[in-house]
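Engineer: A single structure is presented below for examination.
Structure follows, in structure tokens:
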């Protein structure tokens with residue numbers, strides 16, 4: 037049996053968190069159904085995505101060029117030939133720029149769901165999706181339509197669960213982010229990990245940022261970040277990285293920092309499992325992006341988060357992390373490092389079991405089809 041899946045999501049390969057979701061879903065599906073499943077992934081940048089997939093030996097995952105992350109000349113063909121549609125993980129449900137198909141996921145998913153309902157009637161599975169900043173009436177109605185036409189719905193956090201249960205009377209279950217099942221690689225140390233191990237200092241501290249941190253006060257945040265880096269590197273080795281293939285603020289930040297015990301880490305060519313390996317070489321990870329916090333958690337290190345969005349608050353509840361701030365502040369972060377509360381690692385087995393149960397249900401659905 038050659039079972040075909042159309043996997044829809046924010047899979048350009050640019051954002052490492054979205055890439056982690058794709059890799060986790062693909063590896064788990066193929067681990068149980070090797071040589072029996074083909075996964076077609078619409079993407080704006082198939083070349084970038086393909087390079088990562090080849091590195092991870094995921095040859096059964098086939099990137100398909102589209103204009104948006106979902107829609108293009110080949111979208112109809114993908115839906116028509118698929119046995120199942122998966123809307124796969126991540127924060128796909130939000131209000132921003134509702135009429136911009138190059139940005140808003142709900143608008144794209146609404147069109148795909150409508151096409152499928154009218155023409156193909158393939159089963160739709162929402163897999164550990166997340167919602168945030170979702171309040172406008174038209175976006176809520178579109179979301180309601182998507183939910184009403186889904187065969188199977190799971191969400192990644194309590195906030196999304198409560199919202200979706202207001203919009204639908206279907207059975208909606210809470211299963212955590214697929215990226216939790218990604219572990220470290222078994223490769224030998226690369227040049228980055230070797231260089232980290234050669235550094236000196238009381239602790240090795242990694243700071244992970246995203247561009248949302250710098251709005252609305254860009255210059256103020258750049259100065260605050262440089263202040264923290266300069267404070268920490270007096271007694272520690274400090275590295276700075278980000279969660280996308282490009283970050284336009286990095287050069288400015290670097291220019292304001294002392295260089296004695298500080299380094300930049302470029303994540304552009306690293307896949308999620310390699311990133312987890314790098315994170316594992318640090319004593320502390322100060323994380324703004326949610327998935328960077330999951331990477332640090334998977335690596336087993338000490339973790340400090342900045343709750344810039346409710347999805348980060350939800351993550352801290354899931355993993356039992358008390359080391360968090362509502363906004364980025366150099367003095368408060370330093371204080372948290374000095375008064376660090378251990379994470380409740382007993383939860384980790386339960387989290388992994390929860391994610392695997394979600395996949396088990398998906399396997400069952402594939403076999404039934």
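Numbering (this note's numbering), first residue to last: 37 to 405.
Just so it is clear, CB atoms sit at the ideal spot from N, CA and C, and this is done for glycine as well.
Remember, it's a predicted structure, so these values are computed and weren't measured experimentally.
(1) Any idea what DSSP makes of residue 103, helix, strand or coil?
(2) Measuring only the C-alpha atoms, how far is residue 171 from residue 271?
(3) Measure from the alpha carbon of residue 59 to the alpha carbon of each residue in 89, 318, 381 and 107, then state which is nearest.
(4) Residue 375 lies in the beta strand (DSSP E); which residues open and close that run?
(5) When you compare each of 211, 181 and 227 to residue 205 by their alpha carbons, which one comes out closest?
(6) Please state whether the Cβ-Cβ distance between residue 311 and residue 275 is less than 7 Å.
(7) Which full runs of the beta strand (DSSP E) of 3+ residues lie inside the segment 226–291, going along the chain?
(8) Identify every run of the beta strand (DSSP E) within the segment 170–218, keeping only runs that are complete inside it and at least 3 residues long; order them along the chain.
(9) Between the alpha carbons of residue 42 and residue 260, how many angstroms are there, rounded?
(10) Please list, in chain order, all residues of the same chain as residue 307 whose beta carbon is under 8 Å from its beta carbon, the five residues on each side excluded.
(11) Just confirm the distance between the C-beta atoms of residue 138 and residue 104, as a whole number of angstroms; I'd bet it's less than 8 Å.
(12) Say the cut is 6 Å; is the CB of residue 242 nearer than that to a heavy atom of the ligand SAM?
(13) So, using beta-carbon positions, are residue 85 and residue 49 closer together than 7 Å?
(14) Does the pairing of the segment 339–354 with the segment 183–201 give three or more beta-carbon distances under 8 Å?
(15) Would you kindly work out how many angstroms separate the C-alpha atoms of residue 215 and residue 342, rounded to a whole number?
(16) Residue 340 and residue 359 look like a contact to me (Cβ under 8 Å); what is the Cβ gap, rounded to whole Å?
(17) Would you tell me roughly how many angstroms separate the C-alpha atoms of residue 334 and residue 385, rounded to the nearest one?
(18) Closest by CA to residue 74, which one among 83, 39 and 258?
(19) Let's test the definition: count the other Cβ atoms within 10 Å of the Cβ of residue 118 and tell me whether it reaches 16, buried, or not, exposed.
(20) I need the straight-line Cα distance from residue 390 to residue 293, nearest angstrom please.
(21) Assuming residue 291 and residue 213 are in contact, meaning their beta carbons sit under 8 Å apart, how far apart are those beta carbons, in whole angstroms?
(22) Out of 218, 279, 405 and 71, which one is the CA nearest neighbour of residue 336?
(23) Just to confirm the assignment, what range does the alpha helix (DSSP H) spanning residue 53 have?
(24) Kindly indicate which residue of 173, 282, 281 and 237 has the alpha-carbon position closest to the one of residue 273.
(25) Looking at the unbroken alpha helix (DSSP H) that takes in residue 394, where does it start and where does it end?
Structural biologist: In short, the structure shows the following:
(1) coil
(2) 46 Å
(3) 89
(4) First-last for residue 375: undefined, no H or E at that position.
(5) 181
(6) At a Cβ-Cβ threshold of 7 Å, residue 311 and residue 275 do not count as neighbours.
(7) Listed in chain order, the complete beta strand (DSSP E) runs (minimum 3 residues) inside the segment 226–291 are 240–245 and 273–278.
(8) 188–191 and 208–210
(9) 43 Å
(10) 55, 59, 88, 91 and 92
(11) 5 Å
(12) Although the ligand SAM was asked about, the structure shown includes no ligands whatsoever.
(13) Yes, these two residues count as a Cβ contact at 7 Å.
(14) yes
(15) Those two C-alpha atoms are separated by around 19 Å.
(16) Confirmed, about 5 Å.
(17) 11 Å
(18) 39
(19) Burial check for residue 118: the Cβ neighbour count within 10 Å reaches 16 or more, so the residue is buried.
(20) 42 Å
(21) Residue 291 to residue 213, Cβ: 35 Å. No contact.
(22) When only C-alpha atoms are compared, the closest one is 218.
(23) 52–68
(24) 237
(25) 383–404
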